[in-house]
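Novice: This is the structure I want to talk about, given as structure tokens.
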């Protein structure tokens, strides 16, 4: 929803969308041993939801995901990756959409396009939440970061979508380390282990972790600078440049 | 397509399907160092395609995938897993659908539901192709196994769907070893390595492979039977039972 649009425009855009298809975005935020997820809180109804929306007939699902995230949260320049499509026949209760629109003065008929069955394509990303400040759209009071251990009840099947995104993130963490572009240019093994421990939500054995990371051959050790301290400074690593 | 249905019934079922959503199945078959994929060849037009179809309003996408695979190839009792949804705006040329229907005596108008934009949810599986004998449906002359190195040109973006399924299979092979239920009850390390080499399409170093497999802690060694031979028989493994 760009600022120039309003709810009436949104509701009238129904025929421009691909029927039956929606997109939901799970944006994970990491910073200093905390893992959070970006949620919207609807005005008036106070329901929580993932940033989601619909696919225009004239755009790809990937393009829709990028646009929707920007329209609903103001967040852009994030690489979103598809992780799962939610195709259950009954994905939950649509009453909240009816109530939300009603609270804005629009009464939806039962056969309104917004109340039909949608399969939803889930996209996810992992960012540094200290660098991403969301701005809420016209439907939302606030778009905020919520700790992964304290996710409120979300609309429809959005809690399940978050869980599936989290399990995918954990499963794919090794492969996504480079793709998500989350680490600073250089980092210590401790910092890397901290990222893994936070996302996996468990302590890892230092020696095993280090051996595994080095065996993946994606890290290179940066030449150590002279240190005046008596205590041995930690090695500094960076992700290998792929050529 | 159950045998009792015909093409007219299929074409008239349009309004019973969820608009804009289709399903395509990539069934990989492995046997004796060969990796194949299950394809349909259309009658008359001789075009090759993945077994695909549409999602009824009254079923989930997962249920649709299972039904479609059975209707189009006669193959059932296979665990299908979703791997990617193809949401590009233009997924290729629909003329082949027009030509196929025309060859059966049905001329489709440009606005026919079968010629609209569909996003397609991709499902895949890995089976032993020596145990799975496909039977073609009313649209197809034959449903057959094609070597992964000799895939013909397929309709729409189906070649891309096969490539994406293959890269997912390779990426997830470690995790899918148990899930795909492909190995016999017991096997040697050589047999396991042969499965990996065929799917990854490359030779692996025996020592590294063995170390990696054992480190995953999913295998257990079966007690060795007495062997009269002088030559040391290989160890026999099985997948650990999860309790």
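Protein chains in written order, with the numbering used here: chain A, 1 to 243; chain V, 244 to 486. Just so you know, even glycine gets a beta-carbon here, dropped at the ideal spot from N, CA and C.
Can you pull the DSSP bridge partners for residue 431 of chain V?
Specialist: According to DSSP, residue 431 of chain V bridges with V/479.
Novice: For chain A, check one thing: does any of its Cβ atoms lie closer than 7 Å to the Cβ of residue 330 of chain V?
Specialist: Cβ-Cβ to chain A under 7 Å: yes for residue 330 of chain V.
Novice: For a contact meaning CB atoms closer than 8 Å, what does residue 364 of chain V contact in chain A?
Specialist: Residues of chain A passing the Cβ test: 85, 87 and 119.
Novice: Given that residue 298 of chain V touches chain A, what residues does it touch there, using C-beta distances under 8 Å?
Specialist: The answer, in chain order, is 87 and 119.
Novice: Report back the beta-carbon spacing between residue 51 of chain A and residue 73 of chain A to the nearest angstrom; my notes put them in contact at under 8 Å.
Specialist: Rounded, the Cβ-Cβ distance is 5 Å, consistent with contact.
Novice: Tell me, please, which residues DSSP counts as bridged to residue 49 of chain A.
Specialist: Answer is A/40.
Novice: Checking contacts by CB at 7 Å: is residue 410 of chain V closer than that to chain A?
Specialist: Not closer than 7 Å to any Cβ of chain A, the Cβ of residue 410 of chain V fails to qualify, so no.
Novice: Which residues in the same chain as residue 204 of chain A place their Cβ atom closer than 8 Å to its Cβ, once the five residues preceding and following it in sequence are excluded?
Specialist: Excluding positions up to five away in sequence, the list reads 193, 196 and 197.
Novice: Could you check the C-alpha separation between residue 312 of chain V and residue 215 of chain A for me, to the nearest Å?
Specialist: C-alpha separation (whole angstroms): 41 Å.
Novice: Using a C-beta cutoff of 7 Å, does residue 61 of chain A count as contacting chain V?
Specialist: Closer than 7 Å: yes.
Novice: Tell me the residue span of the alpha helix (DSSP H) that contains residue 71 of chain A.
Specialist: Element bounds for residue 71 of chain A: 61 to 73.
Novice: Is the shortest distance between the beta-carbon of residue 20 of chain A and the beta-carbons of chain V less than 7 Å?
Specialist: By this cut-off, residue 20 of chain A is an interface position.
Novice: What residue from A/149, A/176 and A/107 has the CA that sits closest to residue 245 of chain A's CA?
Specialist: Residue 245 of chain A lies beyond the range of chain A shown here (1 to 243); nothing can be said about it.
Novice: CA-CA distance, residue 382 of chain V and residue 81 of chain A?
Specialist: The alpha-carbon atoms of residue 382 of chain V and residue 81 of chain A are separated by roughly 35 Å.
Novice: Listing by chain order, which chain A residues have their CB less than 8 Å from the CB of residue 418 of chain V?
Specialist: Ordered by position in chain A, the residues that pass the 8 Å Cβ test against residue 418 of chain V are 171.
Novice: Report whether the distance from the Cβ of residue 182 of chain A to the nearest heavy atom of the ligand ADP is below 6 Å.
Specialist: The ligand ADP is not part of the structure shown, which contains no ligands of any sort.
Novice: Should residue 20 of chain A go down as buried or exposed, given a rule of 16 or more other Cβ atoms within 10 Å for buried?
Specialist: Buried.
Novice: Going by C-alpha to C-alpha distance, which of V/462, V/358 and V/269 sits closest to residue 281 of chain V?
Specialist: With distances taken between Cα atoms, residue 281 of chain V lies closest to V/269.
Novice: CB residue 465 of chain V to CB residue 449 of chain V, shorter than 7 Å?
Specialist: Not closer than 7 Å, so no.
Novice: Tell me which residue opens and which closes the alpha helix (DSSP H) that residue 375 of chain V is part of.
Specialist: Residue 375 of chain V -> no alpha helix (DSSP H), and no H or E assigned at all.
Novice: When the Cβ atoms of the stretch 251 to 265 of chain V are set against those of the stretch 346 to 357 of chain V, are three or more pairs found closer than 8 Å?
Specialist: Counting Cβ pairs under 8 Å, three or more are found: they touch.
Novice: Can you pull the chain V residues whose beta carbon is under 8 Å from the beta carbon of residue 58 of chain A, in chain order?
Specialist: Per Cβ cutoff of 8 Å: 332.
Novice: With 16 other CB atoms within 10 Å as the buried threshold, where does residue 275 of chain V fall?
Specialist: Counting Cβ neighbours within 10 Å, residue 275 of chain V comes out exposed, since fewer than 16 surround it.
Novice: Which residue marks the beginning of the alpha helix (DSSP H) containing residue 24 of chain A, and which one marks its end?
Specialist: Counting along the chain, residue 24 of chain A falls outside any alpha helix (DSSP H), though it belongs to the beta strand (DSSP E) covering 17 to 31.
Novice: What does residue 325 of chain V touch in chain A if you count any residue whose Cβ is under 9 Å from its own?
Specialist: Residues of chain A passing the Cβ test: 84, 85 and 87.
Novice: To which residues does DSSP link residue 366 of chain V through a beta bridge?
Specialist: Bridge partners of residue 366 of chain V: V/268 and V/325.
Novice: Is the number of C-beta pairs between the stretch 333 to 344 of chain V and the stretch 398 to 417 of chain V that are closer than 8 Å three or more?
Specialist: Yes, the stretch 333 to 344 of chain V touches the stretch 398 to 417 of chain V.
Novice: Does residue 186 of chain A pass the burial test, meaning 16 or more other C-beta atoms within 10 Å, or should it be called exposed?
Specialist: Result: exposed.
Novice: If residue 205 of chain V and residue 298 of chain V are in contact, beta carbons under 8 Å, what's the gap, nearest whole angstrom?
Specialist: The structure shown does not extend to residue 205 of chain V, since chain V is modelled only from 244 through 486, so no value can be given for it.
Novice: From the DSSP output, which residues share a beta bridge with residue 465 of chain V?
Specialist: Paired residue(s): V/479.
Novice: Could you pull the DSSP bridge partners for residue 34 of chain A from this structure?
Specialist: Answer is A/31, bridged to residue 34 of chain A.
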